[in-house]
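A.B. asks:
In the numbering used here, the protein residues as written are 912 to 1162.
1. Using a Cβ distance threshold of 8 Å, determine whether the segment 956-973 contacts the segment 1120-1136, with at least three qualifying pairs required.
2. What is the DSSP secondary structure of residue 1159, counted as helix, strand or coil?
3. How big is the Cα-Cα spacing for residue 953 and residue 988?
4. Taking only the alpha-carbon atoms, compute the straight-line gap between residue 928 and residue 1031 and give it to the nearest angstrom.
5. Spatial neighbours of residue 1033 within its chain, please: CB distance less than 7 Å, with the 5 preceding and 5 following residues excluded, ordered by chain position.
6. With burial defined as no fewer than 16 other Cβ atoms inside 10 Å of the residue's Cβ, what is the status of residue 1021: buried or exposed?
7. In or out: residue 1044 buried (at least 16 other Cβ within 10 Å) or exposed?
8. Taking DSSP as the reference, what is the three-state secondary structure of residue 992?
9. How would you label residue 1129, buried or exposed, when you count the other beta carbons within 10 angstroms and need 16 or more for buried?
10. Below 6 Å CB to CB, which residues in the same chain sit around residue 1067 once its five sequence neighbours on both sides are set aside?
11. Relative to the C-alpha of residue 923, which residue among 1161, 1155, 985, 1138 is closest?
12. Counting only runs of 3+ residues fully inside the segment 933-1019, write out the beta strand (DSSP E) ranges in chain order.
13. Using 8 Å as the Cβ pair cut-off and three pairs as the minimum, do the segment 1102-1118 and the segment 1003-1017 touch?
14. Please report the straight-line C-alpha distance between residue 1142 and residue 1150, rounded to a whole angstrom.
15. Taking the C-alpha atoms as reference points, what is the distance between residue 939 and residue 1072?
16. Cβ atoms of residue 998 and residue 1118: under 8 Å apart, would you say?
17. Indicate the three-state DSSP secondary structure (helix, strand or coil) for residue 1029 in the structure shown.
18. Comparing alpha-carbon positions, which option in 959, 980, 967, 1161 lies nearest residue 875?
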């Protein structure tokens, strides 16, 4: 493959990956508590250097570089704005921390989405996903459907003389979090329960999505144009190569 075509192909592949990340962000601009992903780019060595067939700095054509590549997709955990909904089971964390949710296969997962519901049996569950919301000890929270309740500013649910502490923790490092779908993260390291002084929630509020629709649309346009530029370069170089071969064969 001609060297220029190779670099353009690597650039197109990287932009296609970034488009997938942006498309997922766009699909979740209205998802409460969602945290956007960001594709991280890095200059790429030429293929010969990648395979160990050449060394960086040898001043050959391989030392010109091999375009760019995506080395990682990182999550931006910046807190989103709090939007008032007035719904009694909408809860937003004002500060650090995550709610405890049990995944479909029974694992402890974390979430910033506080749009909760009660099922017919009174179990507190996530909206739509129907996954149990857990208390600080890891048990399911069950309320009386026909009785009023209140959620305090420090994350305790009061109802008919009973008190339930919403499970709220944070990992020692945000890097020790893996997205598992359905707006959930699985901690891969140690998590620490929030101290009472750190537990700060707002009943009747939701944290809006961290994916801004205008910025995501601008990023999608930018990435689409970069992808098209790389594919045009591939077509141009293919045309030049074909023309050169035609001349050689006619000679």
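Ideal placement from N, C-alpha and C gives every residue a C-beta, glycine not left out.
C.D. replies: Checking against the coordinates, here is how it stands:
1. no
2. Here residue 1159 refers to the residue found at position 248 of the chain shown. Residue state, collapsed to three classes: helix.
3. If you number the chain shown from 1, residue 953 lands on position 42. If you number the chain shown from 1, residue 988 lands on position 77. Between residue 953 and residue 988, the C-alpha separation is close to 22 Å.
4. As a first step, residue 928 must be located in the chain shown, where it is residue number 17. As a first step, residue 1031 must be located in the chain shown, where it is residue number 120. When rounded, the distance between both Cα atoms is 42 Å.
5. Working through the chain shown from its first residue, we reach residue 1033 at position 122. 1053, 1054, 1055, 1056, listed in sequence order.
6. By one-based count along the chain shown, residue 1021 stands at place 110. Residue 1021 is buried by the Cβ-count criterion.
7. Taking the chain shown and counting its residues from 1, one reaches residue 1044 at position 133. With 16 or more other Cβ atoms within 10 Å, it is buried.
8. Indexing the chain shown from 1 puts residue 992 at position 81. Of the three classes helix, strand and coil, the one that applies to residue 992 here is coil, per DSSP.
9. Indexing the chain shown from 1 puts residue 1129 at position 218. Flag for residue 1129 reads exposed.
10. If you number the chain shown from 1, residue 1067 lands on position 156. Around residue 1067: 1074, 1076.
11. Locating residue 923 in the chain shown gives position 12, where the first residue counts as 1. It is 1138 whose Cα lies nearest to the Cα of residue 923.
12. 948-954, 979-986, 993-995, 1002-1004, 1009-1013
13. yes
14. By 1-based counting over the chain shown, the position of residue 1142 is 231. By 1-based counting over the chain shown, the position of residue 1150 is 239. Each residue's alpha carbon lies about 12 Å from the other.
15. Numbered from its first residue, the chain shown carries residue 939 at position 28. Numbered from its first residue, the chain shown carries residue 1072 at position 161. Approximately 38 Å between the Cα atoms of the pair.
16. Numbered from its first residue, the chain shown carries residue 1118 at position 207. Numbered from its first residue, the chain shown carries residue 998 at position 87. No, the pair does not count as a contact, with Cβ atoms beyond the cut-off.
17. In the chain shown, counting from the first residue as 1, residue 1029 sits at position 118. Strand, per DSSP.
18. Because the chain here runs from 912 to 1162, residue 875 falls outside it and cannot be looked at.
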